[in-house]
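Below is one structure, written out as structure tokens; comments come after it.
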Amino acid sequence: MKIVIVGCGRVGASAAEIWDAAGHEVVILDIVTRAFERLPSTFRGTALRGDGTEGADVFLAMTEGDNRNVMAAQVAVEALGVGKVVAKINDPLRATAYAELGIATLCRTGLMLDALNAHLGMP
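Residue numbering for the sequence shown follows the numbering used here, starting at 88 and increasing by one per position.
As structure tokens, this is what we get:
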């Protein structure tokens, strides 16, 4: 499977490392070349300061910017026809709004609260 990840921060680099090791074709993009230093020396995928989205089966927008992520996700769905698209969103209100527009989102604030509640045995 070809997986495109926008953003080589901690989450993007970790996802790229895992899926690359599992044998997937991974393309990771970032606007800062130094971000690629987070990738292990064993990474066999492609790290680009450009566009590698054509033909992607999965597209993950994992930058630190909510607006960049949602815009990238919209382009991936509408212009590139990628079947599975997820945008990382930091603001829970934005995550809800974007989800209502049909954009799959992961909100780390919500994920953290869910994990805390599960750990504490709270609903």
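The beta-carbon is built from N, C-alpha and C at its ideal position, and this holds for glycine as well. This structure is a prediction, so every number in the text was calculated from the model and none was measured.
Helix, strand or coil, according to DSSP, for residue 193 in the structure here? strand
For a test of the three-state rule: what should DSSP assign to residue 130, helix, strand or coil? coil
The stretch 161-177 in contact with the stretch 188-195 per 3-pair CB rule at 8 angstroms: yes
Residue 103 CB to nearest heavy atom of the ligand MG below 7 angstroms: Ligands in the displayed structure: none, and consequently the ligand MG is not present.
To the nearest angstrom, how far is it from the Cα of residue 151 to the Cα of residue 209? 29 angstroms
Which of helix, strand or coil DSSP assigns to residue 147: When secondary structure is reduced to three states using DSSP, residue 147 falls in the strand class.
Alpha carbon of residue 90 to alpha carbon of residue 159, nearest angstrom: 14 angstroms
Under the three-state DSSP convention, the category residue 188 falls into: Residue 188 carries a coil assignment under DSSP once its states are collapsed to helix, strand and coil.
Identify, in the order they occur along the chain, each residue of the same chain with its Cβ nearer than 6 angstroms to the Cβ of residue 147, setting aside the five sequence neighbours on each side. 92 and 173
Buried or exposed: which applies to residue 108, given that a residue is buried once 16 or more other Cβ atoms fall within 10 Å of its Cβ? Under this definition residue 108 is an exposed residue.
Any 3 or more C-beta pairs closer than 8 angstroms across the stretch 120-133 and the stretch 96-103: Contact between the stretch 120-133 and the stretch 96-103 is present: 3 or more CB-CB pairs across the two stretches fall below 8 angstroms.
So, using beta-carbon positions, are residue 88 and residue 138 closer together than 8 angstroms? no
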